[in-house]
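J.: Read in order, the letters of the sequence shown are residues 1180 to 1647 in my numbering.
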Amino acid sequence: MLKEKIRFDYNNMTADFIGEKEGVSDAQLDSYKKQAEDAFNYVKENSGKGMMGWTELAYNQDEIVKDIVATAENVRKNFKAFVVLGIGGSALGPIAVFQALKHLHYNELDDSRRNGPKFYVEDNVDPERMNALLDIIDVKNTMFNVITKSGATSETMSQYLIITDILKKALGDKFANNVIATTDIEKGNLIKLAKKEGFKTFYIPSSVGGRFSELCPVGLLPAAVLGIDIATFLEGAKFTQENAKSADFRKNAPLCAALLQYISMQRGKNVSVMMPYADSLKYIADWYCQLWGESLGKAVNLKGETVNVGQTPVKSLGVTDQHSQVQLYAEGPYDKVITFIAVDKFRSEYKIPEGLPEFPDVNFLCGNNLGKLLNTERVATEYALTKKQKANRTIYVPEVNEFTLGQLLMFFMLETAYTGALLGIDTFNQPGVEEGKKATFALFDRRGYEEKKAELQNAKKKENKYII
Ligand code: PA5
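(1) Hey, out of Lys1461, Asn1548, Glu1629, whose CA is closest to Val1579's CA?
(2) Less than 9 Å between the C-beta atoms of Leu1280 and Glu1581, yes or no?
(3) Measure how close the beta-carbons of Leu1236 and Gln1469 come, nearest whole angstrom, since I'm counting them as under 8 Å.
(4) To test your reading of the DSSP string, which unbroken alpha helix (DSSP H) runs of 4 or more residues are found completely within the segment 1504-1537?
(5) Helix, strand or coil: how does DSSP classify Thr1583 here?
(6) Could you tell me whether the segment 1476-1492 touches the segment 1418-1425, where touching means 3 or more Cβ pairs closer than 8 Å?
(7) So for Lys1494, helix, strand or coil by DSSP?
(8) I need the straight-line Cα distance from Asn1554 to Leu1496, nearest angstrom please.
(9) If the criterion is Cβ atoms closer than 9 Å, does the pair Val1397 and Ile1326 meet it?
(10) Taking only three categories from DSSP, how would you classify Asp1188?
(11) Near Phe1591, which residues of its chain fall below 7 Å by C-beta distance, leaving aside the five closest residues on each side in sequence?
(12) CA-CA distance, Ile1143 and Ser1329?
(13) At the level of alpha carbons, what is the spacing between Leu1264 and Glu1376?
(14) Can you check whether the CB of Asn1571 is closer than 9 Å to the CB of Glu1556?
(15) Residues in the same chain with beta-carbon distance under 6 Å from Leu1593, minus the five sequence neighbours each way, listed in chain order, please.
(16) Okay, do the segment 1330-1341 and the segment 1218-1237 touch, 3+ Cβ pairs below 8 Å being the bar?
(17) Among Val1479, Leu1601, Lys1639, which has the Cα closest to the Cα of Gln1214?
(18) Alpha carbons only, please: which of Gln1278, Phe1258, Ile1266, Phe1354 is nearest the one belonging to Ile1316?
(19) Any heavy atom of ligand 3 closer than 8 Å to the beta-carbon of Ala1331?
(20) Hey, out of Asn1548, Thr1518, Ala1509, Asn1449, whose CA is closest to Glu1528's CA?
(21) Roughly how many whole angstroms lie between the Cα atoms of Ala1563 and His1502?
(22) Give every residue of the same chain whose Cβ lies closer than 7 Å to the Cβ of Asp1408, excluding the five residues on either side of it in the sequence, and list them in chain order.
(23) Taking all protein chains shown into account, decide if Pro1332 is buried (16 or more other Cβ within 10 angstroms of its Cβ) or exposed.
(24) Taking the C-alpha atoms as reference points, what is the distance between Ile1520 and Met1453?
(25) Going by C-alpha distance, which of Pro1384, Ala1260, Glu1614, Asn1357 is nearest Lys1366?
(26) Quick one: is the Cβ of Gly1227 within less than 8 Å of any heavy atom of ligand 1?
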């Protein structure tokens, strides 16, 4: 395993490369020195406190890791499938890590090559999806990991109710052996249910919010069940933190990245495109979208002033989306920062065979590796966007493995925390999702939501003239 450092390249964010109008000059960057230091100090002072317990996870989980590894061994030995029930921060991390570190057709491998249970994450309440899952698993030999920090999320608790009902019918009293709960140590319904039913339980620290929870049992248990080396994964995260100890943004990559995004937002660049050039990192973009969108999209700042800030995160995949989105990135508005994730060394290669000398338009590809084609297209797209003065930056990952993935996730978490501090907002709340949740409860006639129901009933009705 290559235990090398990921690198952050911001050449194409600077005035030197994309001009004075779109880029940032050295002098402009330096004028933000104090603001960057303040953001750094704010994050440092708050680390481990409030909702910033995630900064401690790479340092304080030795005992938990042992328990997770032992539990995972038991699951790997005795179960044919492992299903995560959860949504948002309780699902996106496990999906991203699974895609990054396991075979890209893991579930389709035969048992001996897969060498572990099949893996599914149910992060929706689509009835067709639930039925489809139940069509392909045998619940008797499936371990269900129900993950919810709040222990109250409607989607996850619906999944829980369905699965435990089926399990009870199939296994009777022994059904609890097929459920592991991952939840807050004291708050919510799941912890009460876990105690009542006797589920094996892992805890999400109160100071760790959903979208910052991949490095706690939320992400570590599914990863360990997949045979992923979670100690090295945490080591990678720690490595990023140890390399981000300077208040000088030129010596602290996540702080530098945050500052550039902050300046970009001030200049109307309110879209952040995450574009990995590797299928293995495809769902890192999904995970990032929640982290960046939910953390930074805020109406008010910490002083209570209306700010309506945030950068809309967009997921994109190289080279696939070169054929769908890059036209817009090249010629559309100057409202985006595009982040490429480049992989230096792919874990496997494939050589394009020789064979069409009579077709020079195709023959130039022959004899080259697919990885070379992928990376060349990235370099070419980066060049084309830079030529059009479109702000872009690249994170180089030496090789996708536990160590570099831990680094990458911590890089983005720190970047998010620093950006939130620069914006002066609460990075760790999500008040904007509450209204929709309450309306759902009211429409489902949940007790206590009668007033909300009346409000909805009195709301302006849609007019048929606008439905054609
Ligand atoms: O980041 C967050 O806190 C949220 O997006 C949650 O992850 C999501 O709502 C799921 O919450 P819970 O884990 O409580 O079920």
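Yeah, the Cβ is synthetic: ideal placement off N, Cα and C, and Gly gets one too.
T.: On the basis of the coordinates in this document:
(1) Lys1461
(2) yes
(3) That pair is no contact at about 18 Å.
(4) 1505-1510
(5) helix
(6) no
(7) strand
(8) 13 Å
(9) yes
(10) strand
(11) Tyr1467, Leu1470
(12) Nothing can be reported for residue 1143, as the shown portion of the chain is limited to 1180 through 1647.
(13) 17 Å
(14) no
(15) Ala1423, Pro1433
(16) no
(17) Leu1601
(18) Phe1258
(19) Among the ligands present in this structure, namely ligand 1, ligand 3 is not found.
(20) Asn1548
(21) 14 Å
(22) Glu1581
(23) The residue you asked about is not Pro; residue 1332 is Thr in the sequence shown. When all chains shown are included, Thr1332 counts as buried.
(24) 8 Å
(25) Pro1384
(26) no
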